[in-house]
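First the structure, in the form of structure tokens, and then the observations on it.
Protein chains in written order, with the numbering used here: chain P, 60 to 379; chain R, 8 to 356; chain U, 100 to 420.
Okay, here's the thing in structure tokens:
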């Protein structure tokens, strides 16, 4: 992949990053109290320092500049409700857990969705295909918040198969492998619920892609060459068919995070969503804003990765 | 130029004298089911292809020429209903199970498609697509030999810098070069029969001539027979030995190229030739065939061409009876017209 | 890019609604959609009649399972589930209608302006579309309400301001395609192809695509509204299905009806809207051989998810989200 392409993509992300900073800056201005209050409520000494740092007596542009520099250096302020813990340390603690949740869900749903679509693509409109497609539609439509409750009810409470809350069992003190297994057990239900609607999306988009690709002429050419039909699917059609899938998965990351917020609440998973909600409830503005910034940046990164993966698969783009 | 090593044992000749056709199509009928009814794309097509010859199939779009060709290798969509016989080496291809048909495809009978950009996988390098044609049928070719053969094939069709061209993607080639690559791909296994479906239609006139020449050169090297499908008479005249003219899913005239173009017997053929611009023509208008090609769902009764035919005798027999092929000006020359032999003399050219 | 329904004679008023509706009803998906969507809508509209009074202020016996007297049972505070569900529906509906209306107005205006004017205006507007589209609205709502406090009108404004982008894109695409044709005819025409002509040609082609997008938008709004209420960020003065579901959480084990009824109704709405969008897509767009072209602008401009007629509502909404 050409270095210039990567560079260009990175540069394209800069205005978006700038935009995010502007939006959060505006939000801060809109909140009651001045900016220093918003970013550091509670701690009078820190607030005074902050006020000086933010140059609140200077024109707005300079304020924005000061704010932006602080953010890019990693200083996101101090929590107003968590004993003066720095926002960045809080995020550093909670973020990996959400990444674990979302990452697993994305990987799982993509693999299952693509595998299902490959099966269905072989025989479109067969009874199997129609059933799965209908199932996908229903899976997509059932709201995650309710699906989660159903999962808790049937897979947790009534049957006791899975733990229904938290990331680890609080009554135990596992380490090493046992700890990992404990986390995995707690991860199961949230990931299942989060992945369900994603599987539906991946399945439908990939299936549509496969159907479209198999009607293309190069597929006919491959058949005319005598290539076996399953190799035609896997070797020729799949790669092309997956292009829209890659794009869609990238698009869904934002939506996935919103879903994760709800899921974390449902299952008491201690991730960014929980951090966001509890801070919101307590009006801990510094933390809320810090979360917003980090999530927004993460989305930008996700889009970047999607585009790069796409370029990796589709050589037509790279040579532009 | 070094000769390419023959990649397979020569097939035992089933017909030492050479009077048996290599490929025999008998009463091929293809219809598609659509929401509006059945589309009869091919309505009883029969012809023979002999070893080493070039058979041109000419007709407008919708005449059934492409559909008949696709039927040979079983490349029609699932909505197609096919009846008839296509006999190749003693076997009816239409009855062949997929696995055996696969052995024929790309190896004994190869196709060259019209739109090379669409025919090639945009995400795979050209070289690997040609190599795939080889490895699909020959499993014991080493990597180096595979690469050499691929590059040689590309060079044979006249693509410059064949080695680096093999590493390129289809969209990096010009139209003519792409088409040559497709030809190389078809020739990869020295097929006995090449079916070229409008191989030059997507190209400009100069490139057309070049590509046709490449096709003919490659063909002569292996002695393959070729079915050349086109709507362009000019393409056929230079290359074909015999020609079929198709209309509305039927063969309406067939014969040696000199017979059909020198003394056309069917009014449709007459119309086609008359509408060709001619270097020696002195001004005047190009003659058109009146009317439109018929709907293949509601084919006109009797002779399908009669609504557009200037000689049609309606209602009888042209609007009632479907004309059968009968001998026209000489042996081997046939025309499906009730008025064969009774047409008024035509101005030639 | 296809030009939508450019069948000869498909100019606005000539497209007969009658036979279209008839064909709509013949499809099982459309019938299912209507069955799923209409009863809740009716119930929501008639909430005041079905369950008069403030459902939160009731004091029936607590934790009653569904019975003849309480069709959906009662909850932990002795409130009738039926009344609450119905009022929750009305909240959802009000939100949906308002947001859809705002989005439609903004989306169509921006799309038409962008397509018709072209040039700098177009680039600028499309940039704005990109930025707005990049923001996940649910997440933004959480943040906004955390910082600024919640309320139904705030939600409506926020969602209305962030959901119009697919409509704008589609309208713009149609305007552009018509404009292109107009240029070709410009050489021959004498009159000026003013905005009125463009609109006259654009409108009939825009209606099918909009008809597909609106139900999908509606389903998204329902989910977002319920999700926010679930998280406790909904309007405290209004009842929401999301709130009901969240309320049921501690009592899941023994009092299933507190969760199941709101959940079923919510699912029914979402599924119904999706099926409706599917059916409209099937009918209006596939039938004319067109496509709901949703191309993501930069950086994937030339290759963004192009959703064609073979795709259903999921593909389309996946492209929108």
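Even glycine gets a Cβ: it sits at the ideal position worked out from N, Cα and C. For clarity, every value in this text was computed on a predicted model and none was experimentally measured.
Using a C-beta to C-beta distance shorter than 7 Å, which residues of chain U count as neighbours of residue i?
i: residue 211(P); result: 351
i: residue 317(P); result: 235, 237 and 238
i: residue 255(P); result: Near residue 255(P) there are no residues of chain U at all, since even the closest Cβ is about 13 Å away, more than 7 Å.
Is the shortest distance between the beta-carbon of residue i and the beta-carbons of chain P less than 9 Å?
i: residue 390(U); result: Confidence at residue 390(U) is low in this model, with a pLDDT of 46, below 50, so the placement of that residue should be treated as unreliable; the coordinate-derived value is given next. Chain P, which has no Cβ nearer than 9 Å to the Cβ of residue 390(U), makes this no.
i: residue 10(R); result: In this predicted model, residue 10(R) has a pLDDT of only 36, less than 50, meaning its place in the structure is not dependable enough to derive any value.
i: residue 191(U); result: no
i: residue 263(U); result: no
i: residue 146(U); result: no
i: residue 180(U); result: no
i: residue 318(U); result: yes
i: residue 188(R); result: no
i: residue 399(U); result: Low local confidence applies: a pLDDT of 33 at residue 399(U) is under 50, so the model's placement there is unreliable, with the coordinate-based value given in what follows. It does; some Cβ of chain P falls within 9 Å.
i: residue 334(U); result: no
i: residue 230(U); result: yes
i: residue 223(U); result: no
i: residue 205(R); result: no
i: residue 242(U); result: yes
i: residue 78(R); result: no
i: residue 209(R); result: no
List the DSSP bridge partners of residue i.
i: residue 88(R); result: 38(R)
i: residue 257(R); result: 254(R)
i: residue 56(R); result: 30(R)
i: residue 263(R); result: 249(R)
i: residue 202(R); result: 118(R) and 234(R)
i: residue 47(R); result: 38(R)
i: residue 341(R); result: 261(R) and 334(R)
i: residue 281(R); result: Residue 281(R) pairs with nothing; no bridge assigned.
Could you tell me whether the Cβ of residue i comes closer than 9 Å to any Cβ of chain R?
i: residue 343(P); result: no
i: residue 285(P); result: yes
i: residue 188(P); result: no
i: residue 288(P); result: yes
i: residue 366(P); result: no
i: residue 295(P); result: yes
i: residue 305(P); result: no
i: residue 152(P); result: no
Using a C-beta to C-beta distance shorter than 7 Å, which residues of chain P count as neighbours of residue i?
i: residue 366(U); result: 200, 201, 202 and 205
i: residue 329(U); result: 204 and 321
i: residue 113(R); result: 283, 284 and 285
i: residue 158(U); result: The premise fails here: residue 158(U) is roughly 26 Å from chain P at the closest Cβ pair, so nothing lies under 7 Å.
i: residue 130(R); result: 298, 299, 373 and 374
Could you tell me which chain R residues have their CB closer than 9 Å to the CB of residue i, listed as they occur along the chain?
i: residue 301(P); result: Here the premise fails: no neighbours, minimum Cβ distance about 10 Å.
So with CB distances below 8 Å, who are the chain U contacts of residue i?
i: residue 208(P); result: 344, 347, 348, 351, 358 and 362
Given that residue i touches chain P, what residues does it touch there, using C-beta distances under 9 Å?
i: residue 175(U); result: By Cβ distance, chain P contributes nothing, its closest Cβ being about 15 Å from residue 175(U), past 9 Å.
i: residue 225(R); result: Here the premise fails: no neighbours, minimum Cβ distance about 16 Å.
i: residue 373(U); result: 196, 199 and 200
i: residue 110(R); result: 285
i: residue 369(U); result: 199, 200, 201 and 202
Please confirm if residue i has its CB atom under 9 Å from at least one CB of chain U.
i: residue 104(P); result: no
i: residue 339(P); result: yes
i: residue 226(P); result: no
Going along chain R in order, which residues have a C-beta closer than 7 Å to the C-beta of residue i?
i: residue 279(P); result: 82
If I'm right that residue i touches residue j with Cβ under 8 Å, what's the distance once you round it to whole angstroms?
i: residue 255(R); j: residue 321(R); result: With a Cβ gap of about 17 Å, residue 255(R) and residue 321(R) do not count as contacting.
i: residue 220(U); j: residue 269(U); result: Contact doesn't hold; Cβ gap of about 18 Å is too wide.
i: residue 241(R); j: residue 217(R); result: Between residue 217(R) and residue 241(R) the Cβ distance is about 14 Å, and since that is not below 8 Å, they are no contact.
i: residue 62(P); j: residue 235(U); result: Not confirmed; about 31 Å, so no contact.
For a contact defined as C-beta to C-beta under 9 Å, what are the partners of residue i on chain U?
i: residue 420(P); result: Nothing about residue 420(P) can be read from this structure; chain P reaches only from 60 to 379.
i: residue 269(P); result: What residue 269(P) touches in chain U: nothing, since even the nearest Cβ is about 11 Å away.
i: residue 336(P); result: 241, 245, 330, 331 and 332
Check: Which residue spans inside the stretch 86-141 of chain R form an unbroken beta strand (DSSP E) run of at least 3?
Finding: 87-95 and 116-119
Notebook entry, point to check: What are the uninterrupted segments assigned as alpha helix (DSSP H) that are 4 or more residues long and contained completely in the stretch 281-339 of chain P, given in chain order?
Noted result: 297-326
Note to self: Report the start-end ranges of each beta strand (DSSP E) in the stretch 182-229 of chain R that is 3 residues or longer and not cut off at the edges.
What the structure shows: 200-204
Item checked: Inside the stretch 122-203 of chain P only - alpha helix (DSSP H) runs reaching at least 4 residues -> 146-181 and 186-200
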